[in-house]
Amino acid sequence: MPELIQPNKNKPGQHPIIPTNETVELSESEIKQINDALHHVPFASGASIDALKIIQQHRGWVSDACLKALSDHMKVSTADLDAVATFYNLIFRQPVGKVVLHPCDGISCDLMGGKKIRKCLSKKLGIGNGQTTADDQFTLIPLPCLGACDKAPVMIASEKLFELMDENSVANILKDLSSKAGDKS
Amino acid sequence: MTDKVTIHIDGVAHEVQAGINLLQACLNLQIDMPYFCWHPAMGSAGSCRQCAVMHYQNAEDTRGRLVMSCMTPVMDGMIVSMANEKAVGFRATAIEAIMTNHPHDCPVCEEGGDCHLQDMTLISGHIKRQYPGTKRTHLNQQLGPFLNHEMNRCIGCYRCVRFYKDYCGGDDFNVFSSRNRIYFGRAESGTLENEFAGNLAEVCPTGVFTDKPFSLKFSRKWDLATSPTVCTNCSVGCNTYTAERGGVLRKINNRHNADVNAHFLCDRGRYGYEHVNHNDRLEKPWKRNNEQQKVEVLNASSAAKQVTDWFSQGDTVAVGSARSALENNAALLKLAGKGNFYAGVTDVELEQLNLLTQAAHNLSLLSLTNIEKCDALLMVGEDVTHTAPRLALAIRQMTRNAGLDKAAKFGIKPWQDEAVRNIAQDTRSPFYALNTHATRLADVAKQNIYLPPARQLSLLLEVEALLSFPDDKDIASKEAVAIAEDLLAAKKPALVTGTNGANPQILAACIRISTLLAQKNENSGFYCATGQANTMALGILSDSNQGLDALIKRLEDKAPKTLIVMETDLYRYFSDDVLDTLLDKVTNIVVLDQLLTRTAQMADLVLPTTSYAESHGCWINAEGRLQQSFATMAAIKARLPAVQWLQSLSGCHTNEQVLAWCAQTYSELAPVQQLLETSGSDFVIARQPLRSTGRTAINAGIDVKEYPPAQDLGSQLEFSMEGVPAFRQHQLKEFTSPPTGVWSPKWNSSQGINKQLESNDSSNNNGILLFANKTTDASSNLETDKSAISSDGLSICPNHHIYADDELATYSTSIQQLIPTATATMCQAQADSLGVKNGEPVAFKGKGHSLELPCAIMPDVCEGVVLVPMQQFRQLGNKATLTTAVRSAS
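Put into structure tokens, the structure is as follows:
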């Protein structure tokens, strides 16, 4: 898969906060987790999604070198792995920030002002959809319907659901997430 | 006969074959049902929504429901409507949606005029674009020398990935991303590894994958003159369409033959044609003048007279060719006499060919279609992917049969592709690959067995014993027991081998096993891939022991006065050291060839011959199928077919006369009479399509005169658009030659063939089977020489390569790029015992020739074997030895 045109100007390597994943050797814990996943399926290709998630959990995103290392380990071709990786929105084939914000752009959230929330997020962070902030803290990827229409508008970030958002709460949420992101590093 | 059911389409009752899907039934009925994702060889996917029709429950049902015809089996009494307003509207909307992202680049797209998408768009009635938005764009990839990639044109039908990945087993190509961003390609730019990738140019309904060498000499389909030909790049004899314009061979397309290649070709066949256009093509007769140290150009009559003069002096020896038509070989044989005719193959190969032709009447030689239907297969002694590539694709399909049977138990039809694959998973019919090293079919084999030839032979002897005495399991190896059990349990077992392993003992053992199997199971079969396109013809024509090694012996003993070499480069078989001195002793060397080969450079008289694209001829493939190939273009300059150069000496002036002589002289060739008896019709046949443009303008840059088209005296085909056009030919039964192209009303693309499949299945144009008549002759002496089993020494074996091995194919620049460097390939353990490291030279000696090759270490090569590329192996011969100091492990 050729590189997509990246709106994000951040190139891997310039910001050490995001792993570059240029050369990849699977760590012991990665291998252990992947092998566990492999034990549960009759064909290695069946563990592709799990293996990609494991890589992403350890390395933030899935680079070409990650795919190569995974392919060598799982004996599944890189083309087959990449086919799975590129199919799913939440397997990242480009570097993403510490926190990935998924504001909902489903119809219920939009009825309840979701559009305004997303615009507000963009403005506060100075980035558009699919982009990452210059300090590599945040990446903005809207998703349709997070299944919490009764609490619209909603957003998922750092495995947490933010409910009944309004423009005033956005700043606090970002501040909160930003300090947590700082903790993680 | 297959069962028939009656279906009602728009109120008209039709009788169609049961078990097929509605789409195929409609196409068979010549109804223009649009489709994209369906393919006759790959079944239905149901993803493009293009073939929607209204299906009614019964006569009372007036509402009906939309169904995809490719996913709907035909049922007796079925009522459907294609003309229903909703169905028409649905199809038009579907294609309009597909077309929103398709660029408006037909004028510069190479698919234009031969485009399934263009045809379907018009048939569906989408003629005005309403979408005003921007279109998604993609970056393209470099996919190697054979294919262009232009992803913006993609309509997401999935035919490419289903062909490449599911049908051919390629793992370096896939579909990426989702929705509008969907992308078909490799994980990163690079040459497509699969040997059948070139078919993507035909499989793709539009211009995403196009023929790259054709780009350099592009012409619209309506400007190409096409003739039905037979591929001359290996012994399978795939049927091809060769297309030319302005005397330049432009491209090769698949020609459907239900018994041989059906829908696909290999890349060697598709791209191995550039020798026809090559700069080294000979144009005029040349005569060496030693006194003045120059080359004289002769005219045709004086050149022919020169040959006659030399011939009349007596003592003439002739060499036939495995890459020349049957007629040429027969004419040469007739004039030289049997004792003086040497086949253009090694003695070992000729020995194997004789084994094969003698046993052929007792064996059931399978067509590729029949191989696809087998349910257990043993492949012995060579990787057919490299020696007879299309055969390997058939074997790959054969392994699917167990899965198809499993699906059938659930009521799933074989064309319900996704469902079948889902149920089958890795259920495969047993396929054993017995070879010295890993084959390209290793991924679908039940077991890959890598053994040196001597141990292959002893395994075969065990299998043979087990077939006769299935209970003697304790004395045989595990592998032999498994093979014998699977072959005996199968409904249609088959054995595939070849002559390219250069081991007559193994071939003899395979023939014996097949004979045994045939006694136990009349549905069992055999296939033996031979060396080149017409090696089988040489096997029938020549006496045993009259191969090239015998020729060398004759030259050594007493050089003849005149040596006529036809379309064989002796230097491919013998080294300069051997040949130079021997050829010097011959007074007159006459070489008839298309190209300036090394042998032609040694000639005293060179006669330029025609390539397959400029001459008619018969080719006999590995299963003994005699097929006619028709000239695509008229021969230019002084080029003539060998038959005509030799006509005054052979007494046969036309191909028909040669064939008549063959039919009388050789009992195997008696069926050729059929060809001669089919009287021609009153009509002539056009090679050019009706719409040929610029016919008068193409030479305007040279001369404004319009010359009459060249005359073709050898067939009913015309080098012009005069005559019955291609789209009408298949409808007329009186035509005995295959159509000159694939056209169908409204279908400009070659997908139009899918409306003709039913008639093609029962066509008489699929070739004449020479060994169809079974005899019960006692088979000849095929005892195994026990010493062949016991040899424990190092074996030097040929390493075949699809792009490196065929002489003519290597003239193609696209193919040259994929020829690997020559190495001595072995496993690590073997390298250790020889004391060589990767890259270090290994020296060989054989047939008076010595050479060095760098060592390459590969896994999956058995111990005790050093692999040498076929070309080098041929020069070293079967008794080659290693001259590198062997530091043995002891």
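Protein chains in written order, with this note's numbering: chain A, 3 to 187; chain B, 712 to 1601.
Just so you know, even glycine gets a beta-carbon here, dropped at the ideal spot from N, CA and C.
query: Just to check my reading of the structure: B/A1244 and B/A1071 have Cβ atoms closer than 8 Å, yes? What is that Cβ distance to the nearest angstrom?; result: Contact flag wrong, Cβ pair sits at about 18 Å.
query: Strictly below 8 Å CB to CB, what residues from chain A border B/A884?; result: First, the residue type needs correcting, since residue 884 of chain B is Phe and not Ala in the sequence shown. Residues of chain A passing the Cβ test: A81.
query: Is any heavy atom of the ligand FAD found at a distance shorter than 7 Å from the C-beta of B/T1365?; result: Absence of the ligand FAD from the depicted structure is noted, as is the absence of any ligand whatsoever, leaving it without description.
query: Within 8 Å (strictly less), CB to CB, does A/A71 reach chain B?; result: no
query: Got a sec: which bits of the region 844-863 of chain B sit with their beta carbon under 7 Å from any beta carbon on chain A, in order along the chain?; result: L850, Q852
query: Taking the beta strand (DSSP E) that B/F920 belongs to, which residues open and close that run?; result: 920-922
query: Figure out for me which residue from B/A1311, B/D830, B/M810, B/L1066 has the closest Cα to the Cα of B/Q841.; result: B/M810
query: Quick one: complete beta strand (DSSP E) runs, 3+ long, within the region 51-133 of chain A?; result: 101-105
query: Thinking just about the alpha-carbon of each residue, which of B/W1356, B/S1544, B/V1030 is nearest to the one in B/Y1284?; result: B/V1030
query: Given a cut-off of 8 Å on the beta-carbon distance, is the pair B/L1168 and B/L1199 in contact?; result: no
query: Could you check if B/P818 is buried or exposed, using at least 16 other CB atoms within 10 Å of its CB as the buried criterion?; result: exposed
query: Quick check on the burial criterion: 16 or more other C-beta atoms within 10 angstroms. Buried or exposed for A/S181?; result: exposed
query: Listing by chain order, which chain B residues have their CB less than 8 Å from the CB of A/D84?; result: N885, F887, A898
query: Can you look up B/W1021 in the DSSP assignment and give me helix, strand or coil?; result: helix
query: Using three-state DSSP, classify B/V716 as helix, strand or coil.; result: strand
query: Quick one: residues in its chain with C-beta nearer than 7 Å to the C-beta of B/Q1528, no 5 flanking neighbours on either side, listed in chain order?; result: P856
query: Out of B/T1308, B/L1293, B/D1295, B/Q1368, state which residue places its alpha-carbon closest to the alpha-carbon of B/G1328.; result: B/Q1368
query: Taking the alpha-carbon of B/L1171 as reference, which of B/T1027, B/L1218, B/K1558 has the nearest alpha-carbon?; result: B/L1218
query: Within the chosen definition, does the region 104-121 of chain A reach the region 895-915 of chain B through at least 3 CB pairs nearer than 8 Å?; result: no
query: Does B/R992 come out as helix, strand or coil in the three-state DSSP assignment?; result: strand
query: By Cβ distance below 6 Å, which residues in the same chain neighbour A/V158 in space, the five residues on each side in sequence not counted?; result: It should be pointed out that residue 158 of chain A corresponds to Ile in this sequence rather than to Val. Hits under 6 Å: H104, L148.
query: Straight-line CA distance for B/Q1017 to B/E1062?; result: 35 Å
query: Residues bridged to A/F140 by DSSP?; result: A/V101
query: Would you give the residue range spanned by the beta strand (DSSP E) that B/R961 belongs to?; result: 959-965
query: Out of B/L1266, B/L1067, B/T848, B/Q1108, state which residue places its alpha-carbon closest to the alpha-carbon of B/Y1238.; result: B/L1067
query: What whole-angstrom Cβ distance do B/S884 and B/Y875 have, given they're in contact under 8 Å?; result: For the sequence presented, residue 884 of chain B should be read as Phe rather than Ser. Correct: roughly 4 Å between the Cβ atoms.
query: With C-beta atoms as the reference, is A/L123 less than 8 Å away from A/V172?; result: yes
query: Residue range of the alpha helix (DSSP H) that B/G1584 falls in?; result: Reading off the sequence, residue 1584 of chain B comes out as Phe, not Gly. Where B/F1584 is concerned, the enclosing alpha helix (DSSP H) stretches over 1581-1587.
query: Per DSSP, B/G1328 forms a beta bridge with which residues?; result: B/S1340
query: Do B/S780 and B/C737 have their beta-carbon atoms positioned less than 8 Å apart in this structure?; result: yes
query: Given B/G836, which residues of its chain have a CB within under 6 Å of its CB, disregarding the five upstream and five downstream residues?; result: A803
query: Since B/Q1338 contacts B/V941 with CB under 8 Å, what's their CB separation in whole angstroms?; result: 5 Å
query: Who are the Cβ neighbours of B/W1458 in its own chain at under 6 Å, not counting the five residues just before and after it?; result: D830
query: On a CA-only basis, which of B/I1106, B/C865, B/E1093 is nearest B/E1083? Give me that one, please.; result: B/I1106
query: May I ask you to verify whether the region 1579-1588 of chain B touches the region 1296-1311 of chain B, counting CB pairs closer than 8 Å and requiring at least 3?; result: no
query: Rounding to the nearest angstrom, what Cα-Cα distance links B/A729 and B/L1443 in this structure?; result: 26 Å
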